[in-house]
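Visitor: Provided herewith is a single structure, encoded as structure tokens, for subsequent inquiry.
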Amino acid sequence: MHRNAFILLPLLAVAGCASMAVSDDQILQNTAFALGIDADQLVIADRRDSGVKTTYSASTPSGTRYNCYVTGTIGVMGPAVSDAICSRPGEAAPNPLLQGRY
């Protein structure tokens, strides 16, 4: 029993840390995909890691700014990062589960 605790405790400590699970490149790629633009057209700034959630701002060359977030964990299979959820300042983030409904 004690042996399992020594294995699980370090894994649990790392599993909840977005700063270790989410790389800047993953943020850039996931945000570009979510916004439908090329990654080289985005500037990522103001990154803040809090638990499993990473919030940041993304800007396009035209000056359009988005508030975004991703979540990330490290599991047995390695790091896992969610899709980026983005909205313009002052607007609610879209709910992907409700898109495409009548």
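Mapped onto mature numbering (1 follows the signal peptide of the UniProt record, and there is no 0), the consecutive letters of the sequence shown carry residue numbers -20 to -1, 1 to 82.
The C-beta atom is built at its ideal place from N, Cα and C for all residues, glycine as well.
#1: Skipping 5 residues on each side, what residues in its chain have a beta carbon closer than 7 Å to that of Q6?
#2: How would you label Y82, buried or exposed, when you count the other beta carbons within 10 angstroms and need 16 or more for buried?
#3: Just the C-alpha distance for S42 and G31, rounded to the nearest angstrom, thanks.
#4: So, does the CB of R45 fall closer than 8 Å to a CB anywhere in chain D?
#5: If you draw a straight line from the alpha carbon of S37 to that of S67, how long is it in whole angstroms?
#6: Please classify residue 83: does DSSP put it in a helix, a strand, or coil?
#7: Apart from the five residues just before and just after V2, which ones in its own chain have a Cβ nearer than 7 Å to its Cβ?
#8: Please name the residue, chosen from V23, R27 and G16, that lies closest to R45 on a Cα-to-Cα basis.
Guide: Checking against the coordinates, here is how it stands:
#1: On the sequence shown, position 26 is the one that residue 6 refers to. V61.
#2: The sequence position of residue 82 within the sequence shown is 102, counting from 1. Note that Y82 has pLDDT 47, beneath the 50 cutoff, so the model's placement of it is unreliable and the number below is only indicative. Under this definition Y82 is an exposed residue.
#3: The residue you call residue 42 lines up with position 62 of the sequence shown. The residue you call residue 31 lines up with position 51 of the sequence shown. Rounded to whole angstroms, the gap between the alpha carbons of S42 and G31 is 32 Å.
#4: No chain D appears in this structure, which consists of one protein chain only.
#5: Sequence index remark: in the sequence shown, residue 37 carries index 57 (1-based). Sequence index remark: in the sequence shown, residue 67 carries index 87 (1-based). Between S37 and S67, the C-alpha separation is close to 10 Å.
#6: Lying outside -20 to 82, the shown extent of the chain, residue 83 is not represented and no answer is given.
#7: Start at 1 with the first residue of the sequence shown, and residue 2 comes out as number 22. Excluding positions up to five away in sequence, the list reads T34, V50, G52 and V61.
#8: The count along the sequence shown starts at 1 and reaches residue 45 at position 65. Nearest C-alpha to R45: V23.
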